[in-house]
Amino acid sequence: MLAVVDPLDAEHTDPFAGKAEFFDGHYRSIRGRVRLELVLERLLAALPPAPGRVLDAGGGTGAYAIPLAAAGYDVTLLDPSEEWLEMAGKRAEEAGVSLTLVPGRVEEAVELVGGGPAFDAVLCHAVLMYVEDPEVALRAVRHVAREGAVLSTLEKNRDGLAMRPGFAGDLSEARRALDSPMAAGRLGIMNRAFRVGEVRQMMVRTGWRPVSWAGVRLFSDPHVDDGPDESDVAQWLDLEREVAGRDPYRRVARLLHTLAVAIPPQAADVDAVQAASYARAEGSTREAWPEADALRGAALNEFLERKGYGMLATTRPDGRPHAA
């Protein structure tokens with residue numbers, strides 16, 4: 001049964017009107033399947049065991065909410081578009097699962113689904129790219145999340161933005177994407193892309209500790225096929241899974257999938273220092289950081305000396321030694 005909660009604020013323009021069918025169909029293409037299945041794999045591995053409460057903030061037509069509900073989670077889907085919520089409800093009924101559907105904006109999460117920290121996980125997929133102030137959205141969902149709750153964000157990758165038009169031969173758009181994080185995308189709605197360091201900094205400033213990130217959709221991104229064969233999907237997934245966490249490939253993937261955990265307020269200051277250092281290292285380093293297992297002992301000291309970094313007596317947000 002679907003529980004629909006009335007919004008508490010005034011009506012606002014819906015830029016996504018008329019686009020629910022198009023976006024719902026996206027998840028039947030190779031690009032959509034790769035996006036959905038790789039993110040779900042990482043997310044399910046990070047979530048606490050079901051049953052737990054999950055907020056899918058800006059969850060659209062329910063692409064992630066429905067499989068999570070099928071896995072036993074109590075899922076609330078918050079989205080500003082009545083049309084998209086209607087589609088989510090239809091898909092949930094077809095799948096035989098229950099969702100709580102809440103119309104409203106992510107920034108209003110406290111008023112619409114709040115009443116204290118109640119959620120064990122928050123999904124914020126393709127949301128920060130559209131909102132006016134991403135940190136307002138991240139703070140809002142932090143207020144309704146328990147300490148230690150998992151946050152999952154999925155955003156366009158600033159460093160991979162020029163790849164799709166470049167491979168498609170749209171050289172003018174590729175050149176434009178090299179210099180601007182803004183693009184209209186396939187939905188025709190202007191949005192922004194982020195670098196991984198920017199996402200991590202926003203997280204720690206709003207009460208989240210970044211844990212890991214992956215690139216999603218590199219080789220499959222230029223591929224357009226609305227009715228792929230299952231064997232093709234499996235091969236694409238195998239390849240994309242290989243490069244999702246591997247440098248340099250993940251750094252130029254179309255999307256960034258970042259996982260974080262909710263932290264107490266007193267931990268935010270130290271994490272902010274770490275995130276700022278991470279972003280500085282990202283901007284100044286032409287050589288990718290070695291894998292985490294390689295950053296130990298003599299190898300770590302040699303790497304830091306070569307890069308000219310000093311050590312702080314803390315660890316980075318992802319658990320590796322912190323360089324500043």
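Position 229, counted from 1, in the sequence shown is what this note's numbering calls 229; the numbers after and before it change by one each time, with no gaps.
All residues carry an ideal CB built from backbone N, CA and C; glycine is no exception.
Item: Which whole-angstrom value is the C-beta distance of leucine 259 and leucine 151, which I expect to be below 8 Å?; Value: 7 Å
Item: So, with DSSP's three-state summary, where would you put valine 150?; Value: strand
Item: For glycine 185, tell me which candidate among Pro248, Pro165 and Gly115 has the shortest Cα-Cα distance.; Value: Pro165
Item: What residues match up with lysine 156 in a beta bridge as DSSP calls it?; Value: Leu255
Item: Near glycine 190, which residues of its chain fall below 8 Å by C-beta distance, leaving aside the five closest residues on each side in sequence?; Value: Reading off the sequence, residue 190 comes out as methionine, not glycine. Closer than 8 Å at Cβ, skipping near neighbours: Met182, Ala183 and Ala184.
Item: Excluding the 5 residues preceding and the 5 following arginine 158 in the sequence, name in chain order all residues of the same chain whose CB lies nearer than 6 Å to its CB.; Value: Pro181, Ala193, Phe194 and Arg195
Item: I need the boundaries of the alpha helix (DSSP H) containing phenylalanine 167, first residue and last residue.; Value: 163 to 167
Item: Taking the straight line between their C-alpha atoms, what separation do you get for leucine 8 and arginine 146?; Value: Unreliable placement is indicated for leucine 8, whose pLDDT of 33 sits below 50; no coordinate value is reported for it.
Item: With DSSP as the reference, label alanine 121 as helix, strand or coil.; Value: strand
Item: Between the alpha carbons of alanine 244 and glycine 32, how many angstroms are there, rounded?; Value: 15 Å
Item: With 16 as the cutoff for other CB atoms within 10 Å, does serine 220 come out buried or exposed?; Value: buried
Item: Quick check: valine 136 and glutamate 155, are their CB atoms within less than 8 Å of each other?; Value: no
Item: For the ligand SAM, I want to know if methionine 163 counts as a neighbour, meaning its beta carbon is within less than 7 Å of at least one of the ligand's heavy atoms.; Value: Here there are no bound small molecules, and the ligand SAM is not part of this structure.
Item: I'd like to know if the region 75 to 85 and the region 96 to 112 are in contact, where contact means that at least 3 CB-CB pairs between them fall below 8 Å.; Value: yes
Item: Applying the 10 Å Cβ sphere with the 16-neighbour rule, what's the burial state of proline 134?; Value: buried
Item: How would you write the range of the alpha helix (DSSP H) that serine 180 sits in, first residue to last?; Value: It is not in any alpha helix (DSSP H) - serine 180 carries neither H nor E in the DSSP assignment.
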